[in-house]
């Protein structure tokens, strides 16, 4: 679906300027039409150089530039029909050392309708009320003070914030253009986009820059970062980067090809840390020993553990949630499954007790239920109910009913609990099919916006499969098309990460998993097509490279590898173990399509999502994590501190999502080996050899 079906991109010297063309049509160039380029900065001042010559031979372009005290040489080689490897060498021709910022600008020459910095900015992040970086310019600074930083007020992001190193992507006019750094430079590079007439300039910088400000935690900033590189007189520095230009196979779909090629370039196997059997056992142990609550006021599972007086203890506030972070119903269903597999009566007792408590104490007459039981404990009788939690809860009550049938311990009331939500939303969908963001317990819509309502599609399909009542399928199909043709088509899935108000990763997951379900139920290839688009959207949040951290960081202590991991949202810049569930969708997609890349992505993110999972012996920062405990957040970049730290928040959801995948993917042998198949590990694309020389940064 995402393969180029058009002539190869050519690189020519148009009036001496290296220019990328298709059928003689210029699409992008590395210098202005006058032959000038900004090749470096000194003290925030751009140094302009001019083309002085170039050659084209044996599919390699060599171009030379010169300016006051400097020369630059580019060597550009084709890797695939639309991907080019570039090496740029800067040489200090002056008689003294210079402190500089090195740059590369790629000017796109056609209109832009969409742009992306993967995992950082999706067309400017204009959806939502968060204070994350929005647009291409830092408007708050532009309106209040003179801008003296390198990017003239443009957002400049460190290369390690993006899921491809220092990557910028633009689409429009039927073409996609991408520029990204070599993986070894990710921590020492930066990127930005500059709008110009009839196009946009993609910028790379070396070493690290973050301007005008550094985004350090949700809605919070620190002063910008401006490192410089010291080049002695007569010395030079060479950096690698990549230019990708492809036909876009659909509206805003061209980025998918760039992701595929980057994966092929940088792919490596991620070893399994634990076999599936041990992952299951650790998950059940964590649920029982660390999360279980059984008291007069509540029976079920805590949302997670925090450090209190140097010890891990259940969080004392906002404690009980049926889905999302708390996954109370999902953990209960996993314990029922544990009984079916291992005959553990204690697992059945706890799972049943948790489901019964929420059903008996948390349900409303209209079929909805408390999403967070803390509302009930506080005496709030008409609380807001989010559709993410309602979807998770309904789905797992339906699963629990099926498991009770298998165990010959019939629980029809669990079926009614799940169908109650499905009945409500089959009657209360908006005219376009969307299902809303927040409702109150009385059944009134509070907020319609966001992709979050798609979490209800999975239980609606489940309800149809159980009852064969067409109204559930009709509601599911109508909702799916509404979200796919609006949110997913705009590459903007939103509101599912409940602690943010922004574009995020997890809101697309229902469109992946429900799309595959609808394809299986209806046979309509439309749903498979949309499910794969959702898979690509989620892949834009997956790390395509490895970052290296100092030996004294938690990252080094647990041999953490960022490759294959996923970040959270444009408002929360950290990695998390959500790959534990993403893997399920990608495995199913691989099985249906036969595409090896989805199996590779699935196993990489599955194994990566177990990094930092404790078997009871993992000690970080002097504190041992309990068996099955895992941090929610890994700080791969400057996020609340220095890169390489962890959140010290052992939340329930990583365990629950891992158990859910293991329940739904019974072929555990597929997860045991680091290899997907005998021929799964593709060699890197030809034409790229890592440049591991270190930048001397000041």
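Residue numbers (the working numbering): 394 to 1091. All C-beta atoms, glycine included, are put in the ideal place defined by N, C-alpha and C.
By alpha-carbon positions, which one of the options ends up nearest to residue i?
i: residue 803; options: 745, 860, 713, 629; result: 745
i: residue 1009; options: 557, 705, 890; result: 705
i: residue 713; options: 703, 725, 702; result: 725
i: residue 514; options: 997, 885, 721; result: 885
i: residue 662; options: 1050, 1029, 993, 1005; result: 993
i: residue 767; options: 736, 794, 720, 711; result: 711
i: residue 748; options: 423, 729, 698, 1061; result: 729
i: residue 368; options: 921, 1005, 968, 956; result: Past the edges of the chain, shown from 394 to 1091, lies residue 368, and the structure says nothing about it.
i: residue 500; options: 423, 482, 691; result: 423
i: residue 556; options: 935, 463, 1031, 945; result: 935
i: residue 931; options: 511, 411, 815, 430; result: 511
i: residue 675; options: 591, 1006, 497, 549; result: 1006
i: residue 1093; options: 545, 792, 894; result: Absent from the model: residue 1093. The displayed extent of the chain is 394 to 1091, so no value can be given.
i: residue 906; options: 445, 895, 976; result: 976
i: residue 1053; options: 939, 786, 454; result: 786
i: residue 665; options: 773, 1021, 1001; result: 1001
i: residue 948; options: 1015, 1039, 995, 986; result: 1039
i: residue 1049; options: 974, 421, 593; result: 974
i: residue 1061; options: 980, 941, 1014; result: 980
i: residue 844; options: 861, 882, 815, 863; result: 882
i: residue 467; options: 630, 874, 461, 863; result: 630
i: residue 875; options: 794, 722, 850; result: 850
i: residue 628; options: 587, 687, 493; result: 493
Mind checking residue i: buried by the 16 CB within 10 Å criterion, or exposed?
i: residue 753; result: exposed
i: residue 810; result: buried
i: residue 418; result: exposed
i: residue 1069; result: Bear in mind that a pLDDT of 35 at residue 1069, under 50, signals an unreliable position, so the model cannot answer this.
i: residue 506; result: exposed
i: residue 426; result: exposed
i: residue 689; result: exposed
i: residue 472; result: buried
i: residue 1093; result: Here the chain comprises residues numbered 394 to 1091, so residue 1093 is not present and cannot be evaluated.
i: residue 739; result: exposed
i: residue 564; result: buried
i: residue 644; result: exposed
i: residue 965; result: buried
i: residue 1059; result: exposed
i: residue 1012; result: exposed
i: residue 408; result: exposed
i: residue 549; result: buried
i: residue 970; result: buried
i: residue 1017; result: exposed
i: residue 824; result: exposed
i: residue 544; result: buried
Rounded to whole angstroms, how far is the Cβ of residue i from the Cβ of residue j, which I believe are closer than 8 Å?
i: residue 908; j: residue 899; result: Their Cβ separation, rounded to whole angstroms, is 15 Å, which puts residue 908 and residue 899 out of contact at 8 Å.
i: residue 626; j: residue 487; result: 6 Å
i: residue 458; j: residue 470; result: Residue 458 to residue 470, Cβ: 18 Å. No contact.
i: residue 827; j: residue 872; result: 6 Å
i: residue 958; j: residue 972; result: 6 Å
i: residue 808; j: residue 870; result: Residue 808 to residue 870, Cβ: 22 Å. No contact.
i: residue 732; j: residue 800; result: 7 Å
i: residue 652; j: residue 929; result: 6 Å
i: residue 856; j: residue 822; result: About 14 Å separates the two Cβ atoms, so there is no contact after all.
i: residue 405; j: residue 428; result: Incorrect: roughly 14 Å between the Cβ atoms, too far for contact.
i: residue 716; j: residue 782; result: 4 Å
i: residue 463; j: residue 481; result: No, residue 463 and residue 481 are not in contact; Cβ-Cβ is about 12 Å, not under 8 Å.
i: residue 655; j: residue 937; result: 5 Å
i: residue 896; j: residue 962; result: 7 Å
i: residue 1019; j: residue 477; result: With a Cβ gap of about 50 Å, residue 1019 and residue 477 do not count as contacting.
i: residue 578; j: residue 552; result: 7 Å
i: residue 694; j: residue 780; result: With a Cβ gap of about 21 Å, residue 694 and residue 780 do not count as contacting.
Cβ contact (3+ pairs, closer than 8 Å) linking the segment 561-569 and the segment 608-620: Output reads no: the segment 608-620 does not touch the segment 561-569.
Which runs of the alpha helix (DSSP H) at least 4 residues long sit entirely within the segment 985-1030? Give them in chain order. 989-1001
Counting pairs of beta carbons, one from the segment 448-455 and one from the segment 592-605, are three or more of them closer than 8 Å? no
Uninterrupted beta strand (DSSP E) stretches inside the segment 815-898 (no shorter than 3 residues): 831-833, 838-840
Kindly confirm or deny that the segment 612-626 and the segment 1036-1053 touch, where touching means at least three C-beta pairs closer than 8 Å. no
Touching by the beta-carbon criterion (3+ pairs, under 8 Å), the segment 479-499 and the segment 520-529: no
Unbroken stretches of the alpha helix (DSSP H), 4 residues or longer, contained in the segment 657-721: 669-679
Could you tell me which whole alpha helix (DSSP H) segments of length 4 or greater appear in the segment 716-779? Runs found: 721-735, 738-755, 767-770.
Report the residue ranges of all beta strand (DSSP E) runs contained in full by the segment 514-577; include only those spanning at least 3 residues, in chain order. For the segment 514-577, whole beta strand (DSSP E) runs of length 3 or above, ordered along the chain, are 561-565, 568-574.
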